[in-house]
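Q:
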Amino acid sequence: MSTIELDGVRKTYRSGSIEFEALCGIDIHIGTGEYVAVLGPSGSGKSTLMNVLGCLDVPTEGTYLLAGEDVSGMSEAQLAEVRNRRIGFVFQQFNLLATLPAWRNVELPLVYAGIGRAERRERAHAALTRVGLADRTENRPGELSGGQQQRVAVARALVTEPAIILADEPTGNLDTASTADVLDLLDELHASGRTIVLITHEHDVAARAGRRLVISDGRITSDERREVVREVVR
Ligand SMILES: Nc1ncnc2c1ncn2[C@@H]1O[C@H](COP(=O)(O)OP(=O)(O)O)[C@@H](O)[C@H]1O
Ligand SMILES: [Mg+2]
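Okay, so the sequence shown: first residue is 903 according to my numbering, each after it adds one.
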């Protein structure tokens, strides 16, 4: 079964009288539990694709079925509900709220989902423990390293137990060691059955995924599956 089915998806940006087609007819089917890397140079349409996949934006044309549900024509409120229920996001810039301690950042998706206080606190702490930050739950983002901040963001992405994790250049601002930490976490989430879509422009990061899509000027130019062979060092 496909979790994600895009057919003939186009996205046109308009500013004044100028139109720009950022996605020019994308057909992608992603199966449940696949780990897919989307590779492409800057400006090729990766983030636009991520926004469509994540229901942060809707296609101008074409259809998008998410877990069999047609999201192309949904209202903003319906999209927000689908995002919260099905998808965890990780961004390059972490997107944490600076004034809140780590665990408060992590519990936010549960606030939107209407989960009660005590359960939120418990699940936020469990998620932070899972990413190795059990001793940093009270720290604000500014008191954490970049790698730790991104692990908080991963905890926030997984706290709702979403079936899909979308990560847009999650290691773009990280050093080598933190990059390895975050990629290991994505591997674990994949191993636990989640569908992962990882957007990157780095080939060694993309090498962690079993399937690689290349996007160029809004079109998919390559789609290949490869055996991932990895030495476990720890
Ligand atoms: N809101 C927007 N309005 C107009 N053009 C946009 C907008 N967002 C992105 N674009 C253009 O669409 C193309 C793809 O952008 P993007 O998806 O951000 O690429 P990538 O993430 O691969 O760098 C770029 O040429 C960009 O300038
Ligand atoms: Mg981008």
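Backbone N, C-alpha and C define an ideal beta-carbon position, used for all residues, glycine too.
What's the C-alpha gap between L1002 and V992?
A: To locate residue 1002, count along the sequence shown from 1; it is residue 100. To locate residue 992, count along the sequence shown from 1; it is residue 90. Using only the alpha carbons, I get a separation of about 18 Å.
Q: Under a three-way DSSP split, which group does S1080 fall into?
A: On the sequence shown, position 178 is the one that residue 1080 refers to. Helix, per DSSP.
Q: Does the beta carbon of S1118 fall short of 8 Å from some heavy atom of ligand 2?
A: Along the sequence shown, read from residue 1 onward, the residue named residue 1118 stands at position 216. Not under cutoff, so the answer is no.
Q: Determine the direct distance from the alpha carbon of E971 to that of V1033, and round the result to whole angstroms.
A: By 1-based counting over the sequence shown, the position of residue 1033 is 131. By 1-based counting over the sequence shown, the position of residue 971 is 69. The alpha-carbon atoms of V1033 and E971 are separated by roughly 31 Å.
Q: Where does the unbroken beta strand (DSSP E) through A1109 begin, and where does it stop?
A: Reading the sequence shown from its first residue, position 207 is the one you call residue 1109. Note, A1109: premise wrong, no beta strand (DSSP E); not H, not E.
Q: Starting from E923, follow its DSSP beta bridges and name the residues at the other end.
A: As a first step, residue 923 must be located in the sequence shown, where it is residue number 21. According to DSSP, E923 bridges with T914.
Q: Going by the CB atoms, is the gap between T1102 and A939 shorter than 9 Å?
A: Taking the first residue of the sequence shown as 1, we reach residue 939 at position 37. Taking the first residue of the sequence shown as 1, we reach residue 1102 at position 200. Going by C-beta atoms, A939 is nearer than 9 Å to T1102.
Q: Between K913, R985 and A979, which lies nearest to G947 when the distance is taken from Cα to Cα?
A: Locating residue 947 in the sequence shown gives position 45, where the first residue counts as 1. For G947, the nearest C-alpha among the options comes from K913.
Q: Just the residues with CB closer than 6 Å to a heavy atom of ligand 1, in chain order, which are they?
A: Those residues, listed in chain order, are Y915, S917, F922, A924, G942, S944, G945, S946, G947, K948, S949 and T950.
Q: By the 10 Å Cβ neighbour count, where 16 or more other Cβ atoms means buried, how is A1108 classified, buried or exposed?
A: Within the sequence shown, the letter at position 206 stands for residue 1108. So A1108 counts as buried.
Q: Is T965 close to chain D? Criterion is C-beta to C-beta, closer than 9 Å.
A: Of the protein chains in the structure, only one exists, and it is not chain D.
Q: Less than 8 Å between the CB of D1070 and some heavy atom of ligand 2, yes or no?
A: On the sequence shown, residue 1070 is found 168 positions in, with the first residue counted as 1. Correct: D1070 has its Cβ closer than 8 Å to ligand 2.
Q: Taking its Cβ as the centre, do 16 or more other Cβ atoms sit within 10 Å of V1056, making it buried, or is it exposed?
A: Residue 1056 sits at position 154 when you count from the first residue of the sequence shown. Buried: at least 16 other Cβ atoms inside 10 Å.
Q: Taking the continuous alpha helix (DSSP H) assigned at A1055, which residues delimit it?
A: In the sequence shown, residue 1055 corresponds to position 153, counting from 1. Its alpha helix (DSSP H) spans residues G1048 to L1060.
Q: Can you tell me which of the three DSSP states E907 falls into?
A: In the sequence shown, counting from the first residue as 1, residue 907 sits at position 5. E907: strand per DSSP, three-state reduction.
Q: With T1031 as the anchor, note down where its alpha helix (DSSP H) starts and where it stops.
A: As a working note, residue 1031 is residue 129 in the sequence shown. Taken as a continuous stretch (DSSP letters only), the alpha helix (DSSP H) holding T1031 covers R1019 to R1032.
Q: Just how far apart, CA to CA, sit N1075 and H1105?
A: Translated into the one-based positions of the sequence shown, residue 1075 becomes position 173. Translated into the one-based positions of the sequence shown, residue 1105 becomes position 203. Looking at the two C-alpha atoms, the distance is approximately 16 Å.
Q: Let me know the secondary structure DSSP gives R1114 once reduced to three states.
A: Residue 1114 sits at position 212 when you count from the first residue of the sequence shown. If DSSP states are grouped into helix, strand and coil, R1114 belongs with the strands.
Q: Would you call Q980 buried or exposed, if buried means 16 or more other Cβ atoms sit within 10 Å of its Cβ?
A: For the purposes of this step, residue 980 is taken as the residue at position 78 of the sequence shown. Exposed.
Q: Should F922 be labelled buried (16 or more other beta-carbon atoms within 10 Å of its own) or exposed?
A: Counting from 1 along the sequence shown, the entry for residue 922 is found at position 20. The residue in question, F922, is exposed, as its Cβ has fewer than 16 Cβ neighbours within 10 Å.
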